[in-house]
Structures are given as C-alpha cells and as structure tokens.
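Participant: Chain order of the listed sequences is V and C.
12 is the number of the first residue of the first sequence in this note's numbering; add one for each residue after it.
12 is the number of the first residue of the second sequence in this note's numbering; add one for each residue after it.
Glycine included, every Cβ here is placed at the ideal spot set by N, Cα and C.
Below you'll find the structure I mean.
Number of protein chains: 2
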Amino acid sequence: NSRLPGYATHQLGVAGAVLDNSTGKVLVVQDKNKTTNAWKFPGGLSDPGEDIGDTAVREVFEETGIKSEFKSILSIRQQHRHPGAFGKSDMYIICRLEPSSFNISFCQQECLRCEWMDLDELAKTKDATPITSSVAKLLLYGYREGFDKIDITMKEFSAVYTGLVYKLYHRELPESYKDMGGL
Amino acid sequence: NSRLPGYATHQLGVAGAVLDNSTGKVLVVQDKNKTTNAWKFPGGLSDPGEDIGDTAVREVFEETGIKSEFKSILSIRQQHRHPGAFGKSDMYIICRLEPSSFNISFCQQECLRCEWMDLDELAKTKDATPITSSVAKLLLYGYREGFDKIDITMKEFSAVYTGLVYKLYHRELPESYKDMGGL
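Following this line, the structure appears as structure tokens:
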C-alpha cells in the first residue's frame, strides 16, 4: 500500500481509432521513420497531467488534422522495454473516437501516409501491426453488433477530501446495479 | 509519435478483487493508517518490470496471506496528483482474481481489518471507497449474469523484431472475428 514512496515507472502512450460510423471507414497512418510500412492508429505520448481521452484527441488532430470526440477505451497494452534500464515500462491505450471532421491534412514529419480505410479491410490486411489488427477486429465486432460489446466507458469522480477529480473506466453497468446504494 | 524521448509520467497501482465463486464472498481490507475505515480491495504499487496481474496476486498475498490467480482487468482509474509536481500521475487498475487458498493471515503493519465479505453487502455499504463500491457492483453484475459481461481479458504477444513480449487487454472477441486473418 502507501508505505513506499511512489515513483513513476510507466510512460503512457495513447492512440485513437477514429471510426466514421456512416461509412465504416477508420483513420489509419503509416509512420515515416519505420522500416516496415504497417498501418496503425495515430497516437503518441501523454503530456504530464493529461487525461487519456484528451491525449487521443490531441494526437489524432496533430498527426492527421482530423477532429474527434472520445467515446471509450478499447484496449490496454503493457510492455516492459529495456528491462533494468531505469525500470521504465510502457502503457499503451487505444481509444474509440468519433470524427467531427473528415478532411485529412496529415503531418509530413511524422506520417508517410494517412487515409480513411474500410474497417473490414484493416481487420484483414497483413500490412498492420499485430495490435492494430487485434483492435480492428474488435472494432469491427462492435461496429456490426453494438459498441456496448466492446466499450470500456468512463465515469468521472470527485475525491471529497482532496478536491481532486479522477476518471474511472470499466464496463457499463446496468441501471439496476447503479442504483444499489453505496454511491 | 516517437519524435519525443519517452519518460515515465505514471506510477502504477494494482488491486485485486478476489471473489470466492462458491460462497459469493470477496476479500476486503481496511488500511491501518487512514482516518476513515473504509473497506477496499488489497493492492499496492507495481514493481519495475512487473506485469499487472502479477502485482495484483503478489500484493493480495503480502497483505492478506491469500493465494490467487489472475482472471481479468475490471477497471482502470487515472488520477493526476499534485499537478505540476514532476508531472506525476497515477494509474490504478483493479483485477478480478480467483482464490486458491482461503485462510486469512493479514499484514498487521498495513491492515487494520481483513475479511471475506458478502459481495452484495460490499456493493451496498457506505463504508467503502467510491471506487470499491463501483467495482463491487460491477463484480456482482458479473457474478450473477456472467463474468464475460465485465471482463477485460488478456492476450500475450511476442514482438518479432525485438524479441520482447507484451500483454494486450481488451474485451473477448468471438472466434469468428479472431479467425479473420491479419494475425
């Protein structure tokens, strides 16, 4: 518990899977400075103090010029890079976003390509990172059968004693359980 | 993307909600050094390089003496403490665990009380932290209607080029979507 002093062990990266529900197309990029040209979702590192959804929206806009809104968390990856090197680990979260603009104007420094791709094409192609493939399949499942099947939704809390706010992400709870007391 | 050097901005805390499926009781503790005696799930900070599920199992054992197995992630909280103080933020993950031992032998330095409590009692009591109440309701929903409703399950990957392994957590995908190609 809190007997040990806290210290930061993880960097946080966040990507946005921006799906246009009216066309079934999803926003993908290829990084400029990589050897393999695999499709992936735009994203990047969280700024200090920045919330997950805000990072996703900001990074998508900076890389692609597309404006969007946070809907849910889709997946979380934990990876320990360079074991022993300062103990730094990586947490990488992919969010589901809905676009509010559609004209791509991508960052030439970061991206080689950027396009709206059919989601089922992304789910099938071999030209995608393994995580992108996994999340594309998950997103396709949600697109076809309801996003409630895949969404990890957000609720905001206020901590009474400290005045701090925090955000909690989990599966949506039926109303009958929300009303149970406690909160 | 990777134009900026990475740095660790988050500490990671992990708690374990250990539910005995045969009795419907869940393992809860009260911290010794807190002013309010609210029930919560045992947990603590991740060691450098330690996977989420391993932290949950280790912390539960150290605090309560109960052995358990990781099943899924239930919820994720992000909180930015002390804004500006080195930019440190807190990620706190609650996991679903299944017990493989049942005799409590709790850590007297950390815990004031520790017991197996009826899950519906925990979901209703006011003597629990808000996050514990939320997750207790979620767990009750899963216990009654199927854990597939609430689980964020884990899949392990190997990164071909680097030899590193990583773990990806998301909603379970139907077999028909897993077989789509790509991976």
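Which of the three DSSP states is assigned to residue 196(C) in this structure?
Facilitator: This structure does not reach residue 196(C), given that chain C is present from 12 up to 194, and the question cannot be answered.
Participant: Is the beta carbon of residue 142(V) sitting closer than 7 angstroms to the one on residue 83(V)?
Facilitator: Result no, Cβ atoms of residue 142(V) and residue 83(V) do not sit closer than 7 angstroms.
Participant: For residue 120(C), does the count of other Cβ atoms within 10 angstroms reach 16, so buried, or fall short, so exposed?
Facilitator: Residue 120(C) should be labelled exposed.
Participant: Taking Cβ positions, are residue 99(C) and residue 184(V) nearer each other than 7 angstroms?
Facilitator: No, Cβ-Cβ distance for residue 99(C) and residue 184(V) is not below 7 angstroms.
Participant: Mapping DSSP to helix, strand and coil, what is residue 124(C)?
Facilitator: Three-state result, residue 124(C): strand.
Participant: What residue ranges within the stretch 30 to 101 of chain C form continuous alpha helix (DSSP H) runs of no fewer than 4 residues, ordered along the chain?
Facilitator: DSSP runs (the alpha helix (DSSP H)) wholly in the stretch 30 to 101 of chain C: 63 to 75.
Participant: Taking the alpha-carbon positions, what's the residue 201(V) to residue 63(V) distance?
Facilitator: Chain V is shown from 12 up to 194; residue 201(V) falls before or after that span and cannot be answered.
Participant: Consult DSSP for residue 13(C) and reduce its assignment to one of helix, strand or coil.
Facilitator: With a pLDDT of 43 at residue 13(C), under the threshold of 50, the modelled position of this residue cannot be trusted, and the question is left open.
Participant: Run through chain V and tell me which residues come within less than 7 angstroms of residue 20(C), C-beta to C-beta.
Facilitator: Result: 19, 22, 23, 57, 59.
Participant: Under a CB-based cut-off of 7 angstroms, is residue 87(V) close to chain C?
Facilitator: True, the Cβ-Cβ gap to chain C drops below 7 angstroms.
Participant: Counting only beta-carbon atoms, is residue 128(V) nearer than 7 angstroms to chain C?
Facilitator: It does not; no Cβ of chain C falls within 7 angstroms.
Participant: Classify residue 24(C): buried if its beta carbon has 16 or more other beta carbons within 10 angstroms, exposed otherwise.
Facilitator: Answer is buried; the Cβ neighbour count reaches 16.
Participant: Should residue 195(V) go down as buried or exposed, given a rule of 16 or more other Cβ atoms within 10 Å for buried?
Facilitator: Lying before the first or after the last residue shown, residue 195(V) is absent from chain V, which here runs from 12 to 194.
Participant: Compare the C-alpha of residue 158(C) against each of 118(C), 108(C), 52(C) and name the closest.
Facilitator: Considering only alpha carbons, the answer is 108(C).
Participant: What does DSSP give as the partner residue(s) for residue 28(V) in the beta ladder?
Facilitator: Paired residues: 107(V).
Participant: Grouping DSSP H, G and I as helix and E and B as strand, with all else coil, what is residue 20(C)?
Facilitator: Of the three classes helix, strand and coil, the one that applies to residue 20(C) here is coil, per DSSP.
Participant: Beta carbon of residue 49(C), beta carbon of residue 191(V): below 7 angstroms?
Facilitator: No, the pair does not count as a contact, with Cβ atoms beyond the cut-off.
Participant: Tell me the rounded alpha-carbon separation between residue 105(C) and residue 71(C).
Facilitator: Roughly 12 angstroms between the two C-alpha positions.
Participant: Is the beta carbon of residue 54(V) sitting closer than 7 angstroms to the one on residue 130(V)?
Facilitator: No, Cβ-Cβ distance for residue 54(V) and residue 130(V) is not below 7 angstroms.
Participant: Please report the distance separating the alpha-carbon of residue 30(C) from that of residue 144(C).
Facilitator: Roughly 15 angstroms between the two C-alpha positions.
Participant: Would you decide whether residue 174(C) is buried or exposed? Buried here means 16 or more other CB atoms lie within 10 Å of its CB.
Facilitator: It counts as exposed.
Participant: Where does residue 143(C) fall in DSSP's three states?
Facilitator: Helix, per DSSP.
Participant: Using the beta-carbon count (16 or more within 10 Å), is residue 187(C) buried or exposed?
Facilitator: It is exposed - the Cβ of residue 187(C) has fewer than 16 other Cβ atoms within 10 Å.
Participant: How is residue 190(V) classed by DSSP in three states: helix, strand or coil?
Facilitator: In the structure shown, residue 190(V) sits in coil (DSSP, three-state: anything other than H, G, I, E or B).
Participant: CB-CB under 6 angstroms to residue 26(V), same chain, minus the five flanking residues each way: which ones, in chain order?
Facilitator: These residues qualify, in order along the chain: 52, 54, 105.
Participant: Does residue 178(V) come within less than 7 angstroms of chain C when only Cβ atoms are used?
Facilitator: Yes - at least one Cβ of chain C is within 7 angstroms of the one on residue 178(V).
Participant: Measuring CB to CB, does residue 161(C) end up less than 7 angstroms from residue 110(C)?
Facilitator: The answer is no: Cβ separation not under 7 angstroms.
Participant: With residue 135(V) as the anchor, note down where its alpha helix (DSSP H) starts and where it stops.
Facilitator: Run containing residue 135(V): 130 to 135, per the alpha helix (DSSP H) assignment.
Participant: Per the DSSP calculation, residue 167(C) is bridged to which residue(s)?
Facilitator: DSSP, once it has assigned bridges, lists 178(C) as partnering residue 167(C).
Participant: Using beta-carbon positions only, say whether residue 79(V) and residue 181(C) come within less than 7 angstroms of one another.
Facilitator: Not in contact: residue 79(V) and residue 181(C) (Cβ atoms no closer than 7 angstroms).
Participant: Using the C-alpha atoms, what's the distance from residue 42(V) back to residue 166(C)?
Facilitator: One C-alpha to the other measures close to 25 angstroms.
Participant: With distances taken Cα to Cα, identify the nearest neighbour of residue 67(V) among 45(V), 103(V), 32(V).
Facilitator: Comparing Cα-Cα distances from residue 67(V) to each of 45(V), 103(V), 32(V), the minimum goes to 103(V).
Participant: Taking only the alpha-carbon atoms, compute the straight-line gap between residue 168(C) and residue 150(V) and give it to the nearest angstrom.
Facilitator: Rounded to whole angstroms, residue 168(C) to residue 150(V) spans 19 angstroms at the Cα level.
Participant: Once DSSP output is grouped into helix, strand and coil, what is the label at residue 158(C)?
Facilitator: In this structure, residue 158(C) counts as helix in the three-state DSSP scheme.
Participant: Quick one, which of 91(C), 112(C), 44(C) has its alpha-carbon nearest residue 177(V)'s?
Facilitator: The shortest C-alpha separation from residue 177(V) is found at 91(C).
Participant: Taking Cβ-Cβ distances below 7 angstroms as the criterion, which residues of the stretch 156 to 176 of chain V are in contact with chain C?
Facilitator: Taking 7 angstroms as the Cβ-Cβ cut-off against chain C, the residues of the stretch 156 to 176 of chain V that qualify are 160, 161, 163, 168, 175.
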